[in-house]
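Enquirer: Each protein sequence line maps, in turn, to chains A and B.
The numbering of the first sequence is full-length UniProt numbering, which starts it at 1 and goes up by one.
The numbering of the second sequence is full-length UniProt numbering, which starts it at 1 and goes up by one.
Here a beta-carbon is modelled for each residue, glycine too, at the ideal position from N, C-alpha and C.
Bear in mind that the values here come from a model prediction, so they are computed numbers and not experimental data.
There are 2 protein chains.
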Amino acid sequence: MNNKKWNANVERWGRFEIELELEGPANGNPFADIEITGAFTYRNRTVEADGFYDGNGKYRIRFMPDTLGEWKFTTISNHSSLNDISGSFTCTTPKENNHGPVQVTEQTHFQYADGKPFYPFGTTAYAWNHQGEKLEKQTLESLKNAPFNKIRMCVFPKHYDYNLHEPVDFAYVGSKEEGFDFTTFNPNFFNRLEKQIDDLNELGIEVDLIIFHPYDRWGFSNMGEEADDRYLSYLVARLASFRNVWWSFANEFDLIKSKNMHDWDRFFKIVQEKDPSQHLRSIHNWQNPTIHYRSNNHWYDHNKPWVTHASIQHHDMYFIKEWREGYRKPIINDECRYEGNINHGWGNITAEKMVELFWEGVCRGGYVTHGETYMHPEGVIWWSHGGELHGESPKRIAFLRRILEEGPAKRLNPIDFSWDVAAGAIGDEYMLVYFGQSRPSFKILPLPKGNRYKIELIDTWDMTITPLDGSYTDTSKIELPGKPYMGLRITKK
Amino acid sequence: MNNKKWNANVERWGRFEIELELEGPANGNPFADIEITGAFTYRNRTVEADGFYDGNGKYRIRFMPDTLGEWKFTTISNHSSLNDISGSFTCTTPKENNHGPVQVTEQTHFQYADGKPFYPFGTTAYAWNHQGEKLEKQTLESLKNAPFNKIRMCVFPKHYDYNLHEPVDFAYVGSKEEGFDFTTFNPNFFNRLEKQIDDLNELGIEVDLIIFHPYDRWGFSNMGEEADDRYLSYLVARLASFRNVWWSFANEFDLIKSKNMHDWDRFFKIVQEKDPSQHLRSIHNWQNPTIHYRSNNHWYDHNKPWVTHASIQHHDMYFIKEWREGYRKPIINDECRYEGNINHGWGNITAEKMVELFWEGVCRGGYVTHGETYMHPEGVIWWSHGGELHGESPKRIAFLRRILEEGPAKRLNPIDFSWDVAAGAIGDEYMLVYFGQSRPSFKILPLPKGNRYKIELIDTWDMTITPLDGSYTDTSKIELPGKPYMGLRITKK
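#1: Give every residue of the same chain whose Cβ lies closer than 6 Å to the Cβ of residue 21 of chain A, excluding the five residues on either side of it in the sequence, and list them in chain order.
#2: To the nearest angstrom, how far is it from the Cα of residue 427 of chain B to the Cα of residue 327 of chain A?
#3: Taking only runs that begin and end inside the region 357-386 of chain A, name each unbroken alpha helix (DSSP H) of 4 or more residues, in chain order.
#4: Compute the distance between the beta-carbons of residue 487 of chain A and residue 435 of chain A, then report whether it is under 8 Å.
#5: Which partner residues does residue 153 of chain B have in the DSSP bridge list?
#6: Rounded to a whole number of angstroms, what is the C-alpha to C-alpha distance between residue 171 of chain A and residue 320 of chain A?
#7: Given residue 383 of chain B, which residues of its chain have a CB within under 8 Å of its CB, disregarding the five upstream and five downstream residues?
#8: If you draw a straight line from the C-alpha of residue 264 of chain B to the C-alpha of residue 249 of chain B, how long is it?
#9: Would a C-beta distance cut-off of 8 Å place residue 244 of chain A and residue 197 of chain A closer than the cut-off?
#10: Assuming residue 71 of chain A is part of the beta strand (DSSP E), what are its boundary residues?
#11: With a Cβ-Cβ cutoff of 8 Å, do residue 159 of chain B and residue 208 of chain B count as a contact?
#12: Please identify, using Cβ separations under 8 Å, the residues of the region 461-489 of chain A that lie next to chain B, in order along the chain.
#13: Only counting the same chain, and skipping five residues up and downstream in sequence, which positions put a Cβ closer than 7 Å to that of residue 214 of chain A?
#14: Looking only at C-alpha atoms, which of A:168, A:201, A:271 sits nearest to residue 188 of chain A?
#15: Would you check if the distance between the CB atom of residue 401 of chain A and the CB atom of residue 121 of chain A is smaller than 8 Å?
#16: How would you call residue 95 of chain A, buried or exposed, if buried means at least 16 neighbouring beta carbons within 10 angstroms?
#17: Quick one: which chain A residues come within Cβ less than 7 Å of residue 496 of chain B?
#18: Under 8 Å, CB to CB, which of the residues in the region 394-421 of chain B have a partner in chain A?
#19: So within the region 102-151 of chain A, which uninterrupted beta strand (DSSP E) runs reach at least 3 residues, ignoring any that extend past its ends?
#20: Kindly say whether residue 442 of chain A, judged by its beta-carbon, lies nearer than 8 Å to any beta-carbon of chain B.
#21: Should the region 467-486 of chain B be called in touch with the region 449-458 of chain B, which here means at least 3 C-beta pairs below 8 Å?
#22: Below 8 Å on the Cβ atoms is my contact criterion, and I expect residue 404 of chain B with residue 119 of chain B to pass it. Report the Cβ-Cβ distance as a whole number of Å.
#23: Beta-carbon of residue 345 of chain A versus every beta-carbon of chain B: anything under 8 Å?
#24: At 9 Å on the CB atoms, spell out the chain B contacts of residue 375 of chain A, in chain order.
#25: For a contact defined as C-beta to C-beta under 9 Å, what are the partners of residue 95 of chain A on chain B?
#26: Beta carbon of residue 71 of chain A, beta carbon of residue 40 of chain A: below 8 Å?
#27: Less than 8 Å between CB atoms is the rule here; does residue 353 of chain A satisfy it with respect to chain B?
#28: Mind checking residue 294 of chain A: buried by the 16 CB within 10 Å criterion, or exposed?
#29: Closest by CA to residue 50 of chain A, which one among A:378, A:42, A:74, A:27?
#30: Less than 8 Å separating the beta-carbons of residue 415 of chain B and residue 375 of chain B?
#31: Are at least three pairs of beta-carbons, each pair with one atom in the region 385-393 of chain A and one in the region 136-154 of chain A, less than 8 Å apart?
#32: With a Cβ-Cβ cutoff of 8 Å, do residue 129 of chain B and residue 204 of chain B count as a contact?
#33: Nearest to residue 336 of chain B by CA position, among B:358, B:325, B:330, is which residue?
#34: Residues in its own chain within less than 7 Å of residue 356 of chain B by CB, not counting five upstream and five downstream?
#35: Which residue marks the beginning of the alpha helix (DSSP H) containing residue 195 of chain B, and which one marks its end?
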């Protein structure tokens with residue numbers, strides 16, 4: 001043993017790390033051969049966290065403590081020099097902007113571990129982390145000024161239209177030409193990924209980390225069972241201590257022909273067993289669920305107990321209520337098409353439509369993820385590469401997010417005001433109503449009896465909020481401007 | 001027998017009528033008691049057409065001859081004075097604007113009996129015929145200048161929001177207060193209806209005549225089996241000789257709680273048996289078919305042999321291809337929501353959306369029906385009362401109709417260019433492509449190999465057609481303006 005170190009203090013939901021260095025050159029492949037686990041104990045409670053080999057003779061065990069006070073640990077390893085090393089640290093009060101990892105609450109919603117509500121307003125930049133320093137810096141700068149608090153991004157690089165460059169580096173040692181060694185990880189790649197995840201954490205952004213995806217020319221979508229499982233274990237060991245990580249097992253799992261439903265189930269179970277912090281877990285479909293989801297095995301059954309929320313691809317928010325009732329879990333529509341003007345139909349909706357999808361999704365009790373696909377002279381398209389945002393939807397998404405966060409600190413549940421209105425409520429106290437492309441000149445709404453309500457007209461496109469005169473009670477006729485994209489905020493007086 | 005008369009000549013697909021008058025007051029109820037049928041013979045072919053009592057001692061038998069030349073007839077009646085009256089007439093060449101009744105052709109399309117293509121561009125004015133002379137005249141005047149060649153209208157008056165006035169008169173003797181006598185028809189009512197149908201015929205408009213509907217405060221939706229069947233027979237006897245009549249058994253049949261599927265089947269069969277001219281027959285649903293149509297008994301099975309075409313209510317044209325394949329019949333989306341600004345969600349879509357639905361429906365190989373629901377100071381709303389058209393969609397619908405009628409005189413069948421494009425084709429000769437709200441800045445289309453094509457860019461909203469430079473062959477990249485509501489007309493050179 002050359003060296004061992006750890007911090008004396010770590011904030012709650014921060015990252016505690018033990019670094020152990022072995023002397024001299026390693027025999028064999030330490031990634032495959034050496035097992036190391038930390039057993040972390042607070043009073044009578046013990047949590048195990050696997051460690052990992054980080055190259056250059058260094059082994060690390062990371063752990064995210066969730067309880068204030070004194071923690072002890074001991075290592076367990078099949079290598080005698082790494083075994084039975086003990087120590088302790090103090091878990092301290094978290095800094096102001098650290099609210100802990102996001103969890104499910106009230107069956108269909110989210111909160112941080114400290115109880116602060118989390119309303120997902122995600123965006124998509126699948127391969128921003130594979131683009132090199134200059135562009136990655138610009139992406140982070142863009143995110144700093146954007147309304148998004150979650151990002152969908154892939155561990156592996158992306159091969160697809162507009163995505164034909166090679167990435168900066170790879171998760172494994174090797175090359176496309178000579179092949180990759182799926183037993184030997186590339187620690188530099190993971191150090192970069194970790195820095196990216198931390199940078200996002202600084203911006204208050206959750207990372208919906210896509211573990212597998214089909215857009216592949218390197219072989220990462222088809223590594224075989226053993227390599228897949230090793231990869232999952234390594235990911236969990238490295239990243240489970242990052243509080244802003246969510247596990248997204250796939251983007252468009254049903255396009256990955258090499259894996260079947262049993263594989264996806266197994267992946268969920270591996271991560272559920274190994275992750276000491278039980279981060280959120282989901283899987284994302286490709287097939288259009290109006291055609292398939294009730295009967296077809298292209299649709300993953302989000303009722304399975306290891307799925308924490310349904311991560312859905314669909315263009316119609318109407319079904320959110322049905323999914324909420326069917327899965328009794330939060331619903332995030334993680335791809336509902338993107339604002340832009342590329343050739344593909346999923347990437348050329350108007351900003352108006354993007355904003356409409358957000359409002360409708362939120363009012364129906366779900367959450368929605370943004371993406372942007374404008375043609376660009378250098379081929380830098382936000383949805384994959386990051387870079388700059390050019391669209392008209394983000395500022396309107398910010399407006400919606402503000403409205404939601406200003407509301408009572410509970411979450412909207414869909415109500416049946418009328419089939420043609422998307423409406424969410426918090427009991428009889430607060431209602432958010434949205435008319436979308438419909439443009440009624442008035443509407444008769446059955447407000448709860450016995451209360452008096454203040455109503456504000458929201459122009460979701462012009463981003464104005466105009467109080468309506470008077471107060472409303474029981475079934476009320478509400479005059480409206482007969483324009484698309486109007487909403488109402490209805491608040492109990 | 002006081003009087004008997006008929007014409008010596010009638011044009012092909014015109015209306016031949018025998019009038020027979022009985023002397024003195026009638027005993028009993030001639031509507032119920034007296035049966036009369038005409039047997040019409042051309043060479044060896046005999047067709048039977050039932051006659052009907054028209055009040056004031058007058059009985060009529062009507063018949064629409066479909067073959068040029070000499071026809072003979074004999075009457076058959078349970079009343080001796082009406083029995084065994086014979087005569088003949090000559091069926092002459094039709095006038096220029098008489099193309100005969102509309103029939104199904106090429107499995108999923110329509111043509112007039114003389115072979116001229118008929119592309120349905122319908123509108124909806126459910127109760128225009130119940131509004132009195134002044135408004136009815138205005139409606140006909142509006143239709144004269146509108147692009148519509150089919151209208152959905154009800155025999156019975158309508159009770160619903162914005163429809164609370166009493167109609168001019170009723171199909172039966174009686175009143176709402178004292179009840180109606182469902183054995184005694186009101187000939188004045190039917191004479192008015194017939195004049196209205198003839199006026200529409202003069203304008204080249206087919207009448208999609210709605211026989212039953214649920215919006216009723218008078219009892220016509222719940223008359224009982226016997227009265228229902230008598231009503232159907234009477235309708236057929238009076239109207240089967242009007243070449244522009246289509247039988248629509250119901251608007252929103254699944255809202256009529258007094259009738260079940262067996263009733264609807266029986267109605268179809270009665271009319272199929274009695275109608276000598278075999279006019280088009282359909283039935284129209286209420287329930288949203290994305291939810292129900294595959295499994296639910298709220299959805300009528302349009303595969304039944306007596307259904308000539310599917311008359312569907314649905315907001316999404318995407319399913320037309322599936323319905324075409326499932327029913328192998330023409331698909332008319334007879335209600336896809338209406339341009340307007342009333343409170344109801346089905347009646348406040350934008351003109352842009354109405355036009356989009358027409359283009360998408362037509363390019364997917366179906367047909368679409370218009371409606372308009374703008375608030376009006378006197379409550380005159382086109383969708384029900386007729387009156388004036390105020391919307392922005394009719395002139396764009398006219399533009400689409402012109403494009404269709406200018407095309408090769410065959411009908412569009414949907415093609416799988418790409419999931420995100422609505423496209424219909426005539427073999428490899430002609431393609432009409434529509435992008436809807438999508439706004440690609442370019443599109444790669446797999447044009448048939450070995451041909452050269454001319455492409456025109458159609459701005460379906462601004463109503464312009466701009467030829468693109470050059471000619472196109474095989475898989476072609478087509479530059480587009482990145483705006484919504486664009487289409488392409490692709491013609492083989």
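Expert: According to the structure shown:
#1: Position 21 of the first sequence, counted from the first residue, corresponds to residue 21 of chain A. Only 2, 3, 57, 58 meet the Cβ criterion.
#2: Along the second sequence, one-based indexing puts residue 427 of chain B at 427. Along the first sequence, one-based indexing puts residue 327 of chain A at 327. Spanning the two alpha carbons is a distance of roughly 46 Å.
#3: 382-385
#4: Residue 487 of chain A sits at position 487 when you count from the first residue of the first sequence. Residue 435 of chain A sits at position 435 when you count from the first residue of the first sequence. Yes.
#5: If you number the second sequence from 1, residue 153 of chain B lands on position 153. In DSSP, residue 153 of chain B forms a bridge with B:209.
#6: Here residue 171 of chain A is taken as the residue at index 171 of the first sequence, counted from 1. Here residue 320 of chain A is taken as the residue at index 320 of the first sequence, counted from 1. So the alpha carbons of these two residues sit roughly 36 Å apart.
#7: One-based indexing of the second sequence puts residue 383 of chain B at position 383. So the qualifying residues of the chain are 124, 125, 126, 338, 340, 347, 371, 372, 373.
#8: Taking the first residue of the second sequence as 1, we reach residue 264 of chain B at position 264. Taking the first residue of the second sequence as 1, we reach residue 249 of chain B at position 249. Near 8 Å, if we compare the C-alpha coordinates of residue 249 of chain B and residue 264 of chain B.
#9: Counted from its first residue, the first sequence places residue 244 of chain A at position 244. Counted from its first residue, the first sequence places residue 197 of chain A at position 197. In contact: residue 244 of chain A and residue 197 of chain A (Cβ atoms closer than 8 Å).
#10: As a first step, residue 71 of chain A must be located in the first sequence, where it is residue number 71. First-last of the beta strand (DSSP E) with residue 71 of chain A: 69-77.
#11: Indexing the second sequence from 1 puts residue 159 of chain B at position 159. Indexing the second sequence from 1 puts residue 208 of chain B at position 208. No, the Cβ-Cβ distance between residue 159 of chain B and residue 208 of chain B is not below 8 Å.
#12: 482, 484
#13: Counting from one through the first sequence, the residue named residue 214 of chain A turns up at place 214. Around residue 214 of chain A: 221, 252, 255, 256.
#14: Here residue 188 of chain A corresponds to residue number 188 of the first sequence, with the count starting at 1. Of the candidates A:168, A:201, A:271, the one whose C-alpha sits nearest the C-alpha of residue 188 of chain A is A:168.
#15: Residue mapping note: residue 401 of chain A aligns to position 401 of the first sequence, counting from 1. Residue mapping note: residue 121 of chain A aligns to position 121 of the first sequence, counting from 1. Closer than 8 Å, so yes.
#16: Position 95 of the first sequence, counting from 1, holds the residue named residue 95 of chain A. The residue is exposed, with fewer than 16 neighbouring Cβ atoms inside 10 Å.
#17: The first residue shown for chain B is 1 and the last is 493, placing residue 496 of chain B beyond what the model contains.
#18: 418, 419, 420, 421
#19: 102-105, 109-112, 121-124
#20: For this step, residue 442 of chain A is matched to residue 442 along the first sequence. It does; some Cβ of chain B falls within 8 Å.
#21: yes
#22: As a first step, residue 404 of chain B must be located in the second sequence, where it is residue number 404. As a first step, residue 119 of chain B must be located in the second sequence, where it is residue number 119. Indeed, because the Cβ distance is near 5 Å, the residues count as touching under 8 Å.
#23: Start at 1 with the first residue of the first sequence, and residue 345 of chain A comes out as number 345. Yes, residue 345 of chain A counts as interfacial toward chain B.
#24: Counted from its first residue, the first sequence places residue 375 of chain A at position 375. Result: 441, 442, 482.
#25: By 1-based counting over the first sequence, the position of residue 95 of chain A is 95. Near residue 95 of chain A there are no residues of chain B at all, since even the closest Cβ is about 45 Å away, more than 9 Å.
#26: Translated into positions along the first sequence, residue 71 of chain A becomes position 71. Translated into positions along the first sequence, residue 40 of chain A becomes position 40. Against a cut-off of 8 Å, the Cβ pair of residue 40 of chain A and residue 71 of chain A comes out as a contact.
#27: In the first sequence, counting from the first residue as 1, residue 353 of chain A sits at position 353. Chain B, which has a Cβ nearer than 8 Å to the Cβ of residue 353 of chain A, makes this yes.
#28: In the first sequence, counting from the first residue as 1, residue 294 of chain A sits at position 294. Caution is warranted here: a pLDDT of 47 is assigned to residue 294 of chain A, below 50, making its placement in the model unreliable, and the coordinate value is therefore given only provisionally. Exposed is the call here.
#29: Counting from one through the first sequence, the residue named residue 50 of chain A turns up at place 50. Ranking A:378, A:42, A:74, A:27 by Cα distance to residue 50 of chain A puts A:74 first.
#30: Position 415 of the second sequence, counted from the start, is the residue given in the question as residue 415 of chain B. Position 375 of the second sequence, counted from the start, is the residue given in the question as residue 375 of chain B. No, the Cβ-Cβ distance between residue 415 of chain B and residue 375 of chain B is not below 8 Å.
#31: yes
#32: The residue given as residue 129 of chain B occupies position 129 in the second sequence. The residue given as residue 204 of chain B occupies position 204 in the second sequence. No.
#33: Along the second sequence, read from residue 1 onward, the residue named residue 336 of chain B stands at position 336. Out of B:358, B:325, B:330, B:358 has the C-alpha closest to the C-alpha of residue 336 of chain B.
#34: Against the second sequence, residue 356 of chain B aligns to sequence position 356. Closer than 7 Å at Cβ, skipping near neighbours: 436, 437, 485.
#35: Here the question's residue 195 of chain B lines up with position 195 in the second sequence. That run of the alpha helix (DSSP H) goes 187-202.
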